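Structure record follows, encoded as structure tokens.
There are 2 protein chains.
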Amino acid sequence: MPDAKSYDGFIIDGAQYAKWDRAIFEEMRNGGVTCVNVTLVYWESARETLSEIGKWNRLFEQNGDLIMQARTADDVRLAKSLNKTAITFAFQHCSPIEEDIDLVEIMYTLGVRFMQLTYNNQSVCAAGCYENEDSGVTRFGRQVIKEMNRVGMVVDMSHSGEKSTFDAIEISERPITVTHANLESWHPALRNKSDELIKALAESGGMLGFSMYPFHLKNGPQCSLNEFCEMIAKAVDIMGIDRVGIGSDLVQGHGNEVVEWMRNGRWSKEMDFGEGSSSNAGWPEPVSWFRGNSDFANIATGLKNFGFKAEDVEKIMGLNWLQFFESSFTAK
Amino acid sequence: MPDAKSYDGFIIDGAQYAKWDRAIFEEMRNGGVTCVNVTLVYWESARETLSEIGKWNRLFEQNGDLIMQARTADDVRLAKSLNKTAITFAFQHCSPIEEDIDLVEIMYTLGVRFMQLTYNNQSVCAAGCYENEDSGVTRFGRQVIKEMNRVGMVVDMSHSGEKSTFDAIEISERPITVTHANLESWHPALRNKSDELIKALAESGGMLGFSMYPFHLKNGPQCSLNEFCEMIAKAVDIMGIDRVGIGSDLVQGHGNEVVEWMRNGRWSKEMDFGEGSSSNAGWPEPVSWFRGNSDFANIATGLKNFGFKAEDVEKIMGLNWLQFFESSFTAK
């Protein structure tokens, strides 16, 4: 395996959800990670979301030598120059805006830059990828997309149904994202996306972040780095080299109560096992070549060995996200 | 009465609470008002406060030709140069932070620049001026002051008890304010402040904003402009010319249900009449020389006629607040 320092370009990760602490931030620094788009909440209310932001404000205060909040692409560049990791905020569900359109701008002001319209289930905005029926983006969803477009918050359809995602691509006046998912044609999974969908996503200027969460990978935790790079090459054939990045979906430090919260929130009294099963209910084992924030250089090396040009490796590892942040995070 | 345009210096008002609409913003422009520190909430929760901020965000969007949000003294200067009125946010009570220290920074990020530790009653931070006993700033209150000092939110003790206010002056490492009150020695009222208190306030670098709310005035709605200027001259004798400004406490457009909310929130099932009485329960009649945002020039003229030098009139009308904003609104 290559040394973590063997890749010194921009590394931007479109999705992580950890039990954040100083050890993880040190690992980010050791891994040369420029920016992580962190999941703040899954099912939390507006008020609960404020508390999650409050926790992050304490983390910024206490670990200002390692991390900083990023609200713009320039903040990400500044973090790189200061040898810090930039943190952007993301919601994996629309519960924090509570059917209140005004909360979009308020959450934006607090630093939130990505919001999923839904997490697996039908939401007030759109259908999730676990619903049998997908009736597309709702009346409220249209208003939310318009408001997100206005303020500069990015629509993320990672956990949405296919029709809803096509709808969002069409309705949104600014490019949208699937921050963390892979190709259904490479590994069939409710969370992975069809070739038609990622083609439409790319044509509209949107971005796909490749996930290393084992449920999204061919052969699960046994997926090889070469297989992963093969999938990226296939996506690049469909989407072009400028519309793809990393969205690792890395989870660190959380106990099984957190995967239960992620899957069940408060919406079910019966246990829903999500991508797992009753016999495989907990967090999946990670792949050997990506266990944490020190391992991004492995991917850069894998891409290079697979045959990607150095400049294309840089785009996939971070420059595409940086360019996307540049055009997406400003108010219209 | 002089023309509203007869004074073209900075006009900064430390306290207003209106049923805000475009007509009021036009009046602010006609009156040459540079900045108004608006009351967002009295007794509202964190979540309710987000909705009040949401309403303001809509007002900024819809009336961007007349008003703009100010987060810094430079924003206030920018507003003046753009011929707009700058709006800063204030809380008249600590209910929006809900005993959660993290909410101080979150509300600051959303633009809140002043918070009263209490409104008339005992709060979790300090005692209000209507309590019989004032045991001073509480354990939580000390933490709140420290956090407000850190982020750049100003402590306002307008509705606090005397001991609590002396405590806050001593505990706070940055100057504090009484944004809207007058001199008790000029007009005895629970809401007005003792000469000793305003002296200590000024010595610590704090500011007093003079109120034109009739309950705080000698002779109530019949108070003359000359009597008001006499009181200002007395305050300047005690505090010096650099520590005083305007905090009109102007209320416009609200029905009596709002004065009831202001006085009773949800804390009482019996009607509390606050500064009024059962026979005088509604909003007081305004003084003839200050009925709204067009009338600030009257005060400037009154001060000039009373004998204040032109440069001192400018300080009282706005430059002292501007200087105070400059040194207060930045993080430590």
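Chains A and B, in that order, are what the protein sequence lines are. Sequential numbering of the first sequence, starting at 0, is according to numbering that gives the first Met the number 0. Sequential numbering of the second sequence, starting at 0, is according to numbering that gives the first Met the number 0. Just so it is clear, CB atoms sit at the ideal spot from N, CA and C, and this is done for glycine as well. Bear in mind that the values here come from a model prediction, so they are computed numbers and not experimental data.
Residues sharing a beta bridge with residue i, DSSP
i, result
"VAL111(B)", "PHE88(B)"
"THR71(B)", "According to DSSP, THR71(B) bridges with nothing at all."
"ILE11(A)", "CYS34(A)"
"GLY208(B)", "GLY244(B)"
"VAL40(A)", "PHE90(A)"
"TYR16(A)", "VAL250(A)"
"VAL177(B)", "LEU207(B)"
Minimum C-alpha distance to residue i - residue among the options
i, options, result
"GLU146(A)", "PHE323(A), TYR107(A) and ARG46(A)", "TYR107(A)"
"ALA22(A)", "ILE66(A), ARG173(A), GLY273(A) and ASP101(A)", "ILE66(A)"
"THR176(B)", "ALA167(B), GLU161(B) and MET206(B)", "MET206(B)"
"GLU47(B)", "CYS93(B), SER5(B) and THR84(B)", "CYS93(B)"
"TRP341(B)", "GLN68(B), GLN251(B) and MET270(B)", "In the structure as shown, chain B begins at 0 and stops at 331. Residue 341(B) is therefore absent and cannot be evaluated."
"ASN131(A)", "TYR41(A), GLY160(A) and ALA234(A)", "GLY160(A)"
"THR84(B)", "LEU302(B), PHE24(B), GLY246(B) and HIS215(B)", "PHE24(B)"
"PHE9(A)", "ASP73(A), PHE139(A) and GLY239(A)", "ASP73(A)"
"ALA89(B)", "TRP320(B), ARG112(B), ASP133(B) and ARG173(B)", "ARG112(B)"
"GLY301(B)", "PHE227(B), PHE328(B), GLY219(B) and LEU116(B)", "PHE227(B)"
"GLY306(A)", "ALA17(A), ILE11(A) and GLU229(A)", "GLU229(A)"
"GLU97(A)", "THR117(A), TYR129(A), ASP7(A) and THR38(A)", "THR117(A)"
"ASN225(B)", "ASN279(B), PRO174(B), GLU256(B) and VAL286(B)", "VAL286(B)"
"LEU321(B)", "ASN119(B), ASN62(B), ALA78(B) and SER163(B)", "ALA78(B)"
"THR399(A)", "PHE324(A), MET152(A) and LYS331(A)", "Only positions 0 to 331 of chain A appear in the structure, and residue 399(A) is not among them; the question remains open."
"LYS331(A)", "LEU49(B), LYS54(B), LEU39(B) and GLU60(B)", "GLU60(B)"
"LEU81(B)", "ASN119(B), CYS34(B) and GLY53(B)", "CYS34(B)"
"GLU419(B)", "PRO174(B), ALA14(B) and LYS233(B)", "Missing from the structure shown is residue 419(B); chain B here goes from 0 to 331 and no further."
"ALA69(A)", "THR329(A), GLY239(A) and GLY110(A)", "GLY110(A)"
"VAL153(A)", "PRO174(A), ILE298(A), TRP288(A) and LYS198(A)", "PRO174(A)"
"GLU104(B)", "GLU51(A), ILE86(A) and TYR16(A)", "GLU51(A)"
"TYR129(B)", "MET316(B), GLY273(B) and LEU58(B)", "GLY273(B)"
Residue i beta carbon near the ligand FAD (any heavy atom closer than 7 Å)
i, result
"VAL75(B)", "The ligand FAD is not part of this structure, which contains no ligands at all."
Contacts that residue i makes with chain B (C-beta to C-beta distance below 8 Å)
i, result
"ASN319(A)", "Result: empty, since nearest Cβ-Cβ is about 29 Å, beyond 8 Å."
"ILE66(A)", "Those do not exist, as ILE66(A) stays about 16 Å from chain B at its closest Cβ, beyond 8 Å."
"ALA45(A)", "ARG46 and LEU49"
"LEU102(A)", "LEU49 and GLY53"
"ILE105(A)", "LEU49, ILE52, GLY53, ASN56 and LEU109"
For residue i, three-class secondary structure by DSSP
i, result
"LEU337(B)", "Chain B is shown from 0 up to 331; residue 337(B) falls before or after that span and cannot be answered."
"LEU216(B)", "coil"
"CYS34(A)", "strand"
"ASN120(A)", "coil"
"PHE272(B)", "coil"
"ASN279(B)", "strand"
"ASP155(A)", "strand"
"THR48(A)", "helix"
"LEU182(B)", "strand"
"GLY135(A)", "coil"
"GLY127(A)", "strand"
"LYS233(A)", "helix"
"PHE192(B)", "For the record, residue 192(B) in the displayed sequence is Lys; it is not Phe. Three-state result, LYS192(B): strand."
"PRO95(B)", "helix"
"ASP101(B)", "helix"
"MET0(B)", "For MET0(B), the predicted model reports a pLDDT of 47, less than 50, meaning its position is unreliable; a value from the coordinates is still stated below. MET0(B): coil per DSSP, three-state reduction."
"PHE289(B)", "coil"
"GLY301(A)", "helix"
"PHE307(A)", "coil"
"THR329(A)", "coil"
"GLU284(B)", "coil"
"ARG21(B)", "helix"
"CYS228(A)", "helix"
Neighbour flag for residue i against chain D, beta carbons, 8 Å
i, result
"LEU39(B)", "Among the protein chains of the structure shown, namely A and B, there is no chain D."
Listed by chain order, chain A residues near residue i by CB distance under 9 Å
i, result
"ASP99(B)", "LEU49, SER50 and GLY53"
Residues that residue i contacts on chain A, provided the C-beta gap is smaller than 8 Å
i, result
"ARG265(B)", "Per Cβ cutoff of 8 Å: no residues; ARG265(B) is ~17 Å from chain A at best."
"THR329(B)", "Result: empty, since nearest Cβ-Cβ is about 16 Å, beyond 8 Å."
Chain A residues whose Cβ lies nearer than 7 Å to that of residue i
i, result
"THR108(B)", "THR108 and LEU109"
Below 8 Å, can you find three or more Cβ-Cβ pairs linking the stretch 13-33 of chain B to the stretch 289-297 of chain B?
yes
Can at least three beta-carbon pairs, one atom from the stretch 185-203 of chain A and one from the stretch 139-154 of chain A, be found at a separation below 8 Å?
no
Should the stretch 263-281 of chain B be called in touch with the stretch 216-223 of chain B, which here means at least 3 C-beta pairs below 8 Å?
With a cut-off of 8 Å, the stretch 216-223 of chain B and the stretch 263-281 of chain B do not count as touching, because too few Cβ pairs lie within range.
For the 8 Å Cβ check, are there 3 or more pairs between the stretch 301-317 of chain B and the stretch 246-254 of chain B?
no
Given 8 Å, three or more beta-carbon pairs between the stretch 123-141 of chain A and the stretch 164-172 of chain A
yes
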